[in-house]
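Asks: This structure is in structure tokens; I'll ask about it shortly.
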Amino acid sequence: METENILETIKMISDENLDVRTITMSISLLDCIDSDSDIACRKIYEKITTTARDLVKVGQQIENEYGIPIINKRVTVTPIAIVAAASHDHDYVKYAKTLDRAAHEIGIDFIGGYSALVQKGFQKGDRTLLSSLPEALAETELVCASVNVGSTRSGINMDAVAQMGEIIVETSQKDVMGNAKMVVFCNAVEDNPFMAGGFQGVSEPDVVINVGVSGPGVVKAALEQVKGQSMDVVAETIKKTAFKVTRMGQLVGTLAAERLGFPFGIVDLSLAPTPAVGDSVAQILEEIGLESVGTHGTTAALAMLNDAVKKGGIMACSHVGGLSGAFIPVSEDAGMIKAAAAGSLNIEKLEAMTAVCSVGLDMIAIPGDTPASTISAMIADEAAIGMINNKTTAVRVIPVPGKGVGDTVEFGGLLGHAPIMAVNQAGAAEMIQRGGTIPAPIHSFKN
Amino acid sequence: MKAILTTIGTDKVGIIAGVSRYLADHEINILDVSQTIMGGNFTMMMMVALPDTADFQKLTAQLNDLGQELGVEINIRNEQLYRSMHQL
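So the sequence lines, in the order shown, correspond to chains A and B.
Per the UniProt record's numbering, the very first residue in the first sequence carries number 1; after that it's consecutive.
Per the UniProt record's numbering, the very first residue in the second sequence carries number 1; after that it's consecutive.
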């Protein structure tokens, strides 16, 4: 084997923060459904703690043997709104606590699936889950929640959009960190290994292993070698780097699936930043030639980056899935934090960026007195971008009680810190109060 | 199981001897070795054969200690990693 290749890999891991962001075991809970919620919760606890008991151990074995950091080990489950619907409980906090207890027992970092899919309307379980979200998030530590409010096929459920604004405000009043564990989606995917939006779709196998790769630092380091060269060269360099990163993800996923005895699902080819220096998507965009992320040209650079990552990664693995693209969470990216604090990155520009990258308005701290209807309107805008462009979009905004523009909030760990960003002061309450459905777009009718 | 052991650092007397002695003491067979000076650094790559039951955690910790003693950085990783990243 070429010495140069070996050294390149070592450099990627030790100097450029190359890692596997997550091995996520996706577990169906459909066989745990019971009209007695105590029995259902016992079955859920037993299934998770039995099926995923070796997940952390196997992850650590792979880390040691291959010298690749695997940052998180996670579990996703069938949306609890479906699993709990047969019970007659008035809230599903008991289910959330069961998930939390199981997650602590097996030593994982997060468990996702306290979720509801309401893009076309509510069922009884959906309503119960939504109304219990603030309490469930406040009373658990590792449980992540998501609600899908729209899709290209179904349109946007504006009643759900209105309710989610209220829920986000209520959640922030109970616990400011609660909203960091909740995502509002349009076109949510069923095999997402990333959090907070991961859940197991009902069409997935009983148990499946999905992997999310990372590596913004590796892409930035590769681009440092092609300074001043044309965008063709930049795109080609990103593709080659994404290929190598994804091959590593494919290897780790295959090994984990083999050792755990379950099928391997997908690799999510995402550039997921962390607050660590040199692990930033913003800094890739700045390496391409922007003085600061958020300035004119950002959307074009991000579109190219997102596309090149997919093109490079897609041949490197057997099945691609999840969100796959570049993530732009503000508080989790040192470059984004710097640009937001300096005023060169604002919510309007972030919204434009979400039209060309893999997710949406992510980990954005906003003033604590932002009206619920304004948050709903932000969700509606993002959902519209997703619906019309046939892509996943999401909103994970965090109103911080008692803080306003110019203040900073500390989330800690992988979630980082963030300056409070300004929100448009003109209201949208009348539109949100209308409720109803935004009909599916004309291009959804493909049959 | 095959693994690649890399040793990188400032050149001095006894690095190859130190690493080889450790491997011999632990019954790790050297299958291939290449050594060069790259950018002023001593750079050695070894392909080694490990028993399937090898404890990587222990091995890595011991090689870290040995690296500190010899003033170099020693890493050991399953060779599949390099093969999958750089070969189709």
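Cβ coordinates follow ideal geometry from the N, Cα and C atoms, glycine included.
Determine the closest residue to Gln-163 of chain A out of A:Gly-212, A:Asp-126, A:Thr-241, with distance taken between C-alpha atoms.
Replies: A:Asp-126
Asks: If the cut-off is 9 Å on Cβ atoms, which residues from the region 264–283 of chain A count as contacting chain B, listed in chain order?
Replies: none
Asks: With DSSP run on the structure shown, which of helix, strand or coil describes Arg-153 of chain A?
Replies: coil
Asks: Taking only the alpha-carbon atoms, compute the straight-line gap between Leu-271 of chain A and Glu-73 of chain B and give it to the nearest angstrom.
Replies: 29 Å
Asks: Less than 8 Å between the C-beta atoms of Ser-146 of chain A and Val-118 of chain A, yes or no?
Replies: Cβ atoms of Ser-146 of chain A and Val-118 of chain A: not closer than 8 Å.
Asks: Using beta-carbon positions only, say whether Ile-28 of chain B and Leu-50 of chain B come within less than 8 Å of one another.
Replies: yes
Asks: Where does Arg-53 of chain A fall in DSSP's three states?
Replies: coil
Asks: Taking C-alpha atoms, which residue in B:Glu-79, B:Lys-58, B:Arg-21 lies nearest to Val-48 of chain B?
Replies: B:Glu-79
Asks: Do Gln-173 of chain A and the ligand GTP come close, with the Cβ less than 7 Å from some heavy atom?
Replies: By its list of ligands, the structure shown contains no ligand whatsoever, and the ligand GTP lies outside what it can speak to.
Asks: Since Glu-410 of chain A is in the beta strand (DSSP E), which residue starts that stretch and which ends it?
Replies: Start and end: 408–410.
Asks: Kindly list the residues whose CB is nearer than 7 Å to the CB of Thr-36 of chain B, restricted to its own chain and excluding five residues on each side of it in sequence; keep chain order.
Replies: Thr-43
Asks: Which residues does DSSP pair with Gln-35 of chain B in a beta bridge?
Replies: B:Met-44
Asks: How many Å lie between Met-38 of chain B and Ser-214 of chain A at the Cα?
Replies: 29 Å
Asks: With DSSP as the reference, please indicate the residues paired to Ala-394 of chain A in a beta bridge.
Replies: A:Phe-185
Asks: With respect to the alpha helix (DSSP H) encompassing His-417 of chain A, which residues constitute its N-terminal and C-terminal limits?
Replies: Unbroken run through His-417 of chain A is the beta strand (DSSP E), 417–419; no alpha helix (DSSP H).
Asks: Looking at the unbroken alpha helix (DSSP H) that takes in Asp-268 of chain A, where does it start and where does it end?
Replies: Per DSSP, Asp-268 of chain A belongs to no alpha helix (DSSP H); it is in the beta strand (DSSP E), 264–268.
Asks: Please report the distance separating the alpha-carbon of Ala-340 of chain A from that of Ser-87 of chain A.
Replies: 46 Å
Asks: Just to confirm the assignment, what range does the beta strand (DSSP E) spanning Ser-26 of chain A have?
Replies: For Ser-26 of chain A, the enclosing beta strand (DSSP E) covers residues 20–27.
Asks: Does the beta-carbon of Leu-5 of chain B have 16 or more other beta-carbons within 10 angstroms, so that it is buried, or is it exposed?
Replies: Buried is the call here.
Asks: Cα separation between Ala-81 of chain A and Gly-335 of chain A?
Replies: 37 Å
Asks: Assign Met-315 of chain A to one of three DSSP states: helix, strand, or coil.
Replies: coil
Asks: How about Asp-175 of chain A and Leu-137 of chain A: are their beta carbons less than 8 Å apart?
Replies: Taking 8 Å as the Cβ cut-off, Asp-175 of chain A and Leu-137 of chain A qualify as a contacting pair.
Asks: Measuring only the C-alpha atoms, how far is Ser-280 of chain A from Asp-25 of chain B?
Replies: 44 Å
Asks: May I ask which residues mark the beginning and end of the beta strand (DSSP E) holding Phe-56 of chain B?
Replies: For Phe-56 of chain B, no beta strand (DSSP E) encloses it; the enclosing alpha helix (DSSP H) starts and ends at 56–70.
Asks: Does Thr-9 of chain A have its Cβ less than 8 Å from a Cβ in chain B?
Replies: yes
Asks: So the candidates are A:Thr-437, A:Ile-168, A:Lys-97, A:Leu-18; which of them puts its Cα closest to the Cα of Ile-364 of chain A?
Replies: For the residues A:Thr-437, A:Ile-168, A:Lys-97, A:Leu-18, the minimum Cα distance to Ile-364 of chain A belongs to A:Ile-168.
Asks: Given a cut-off of 8 Å on the beta-carbon distance, is the pair Leu-26 of chain A and Glu-204 of chain A in contact?
Replies: First, the residue type needs correcting, since residue 26 of chain A is Ser and not Leu in the sequence shown. It is a contact, given that the beta carbons lie within the stated cut-off.
Asks: Which residues of chain B have a Cβ atom closer than 8 Å to the Cβ of Ile-209 of chain A, listed in chain order?
Replies: Result: empty, since nearest Cβ-Cβ is about 17 Å, beyond 8 Å.
Asks: For a contact meaning CB atoms closer than 8 Å, what does Ile-70 of chain A contact in chain B?
Replies: In chain order: nothing, as chain B lies at least about 13 Å away.
Asks: Going along the chain, which residues of its own chain have a beta-carbon closer than 8 Å to the beta-carbon of Ile-156 of chain A, five neighbours each way excluded?
Replies: Answer for Ile-156 of chain A: Gln-119, Val-149, Gly-150, Cys-186, Ala-380, Ala-383, Ala-384, Met-387, Thr-437, Ile-438, listed in chain order.
Asks: With a threshold of 16 other CB atoms inside 10 Å of the CB of Asn-424 of chain A, please say whether the residue is buried or exposed.
Replies: exposed
Asks: Let's see if you can read the secondary structure: which residues bound the alpha helix (DSSP H) around Asp-15 of chain A?
Replies: For Asp-15 of chain A, the enclosing alpha helix (DSSP H) starts and ends at 3–15.
Asks: Is the beta carbon of Ile-398 of chain A less than 8 Å from the beta carbon of Asp-407 of chain A?
Replies: no
Asks: By the 10 Å Cβ neighbour count, where 16 or more other Cβ atoms means buried, how is Gly-404 of chain A classified, buried or exposed?
Replies: exposed
Asks: Can you check whether the C-beta of Lys-244 of chain A is within less than 8 Å of a C-beta belonging to chain B?
Replies: yes
Asks: If we define contact as Cβ-Cβ less than 8 Å, is Glu-65 of chain A a contact residue for chain B?
Replies: Cβ-Cβ to chain B under 8 Å: yes for Glu-65 of chain A.
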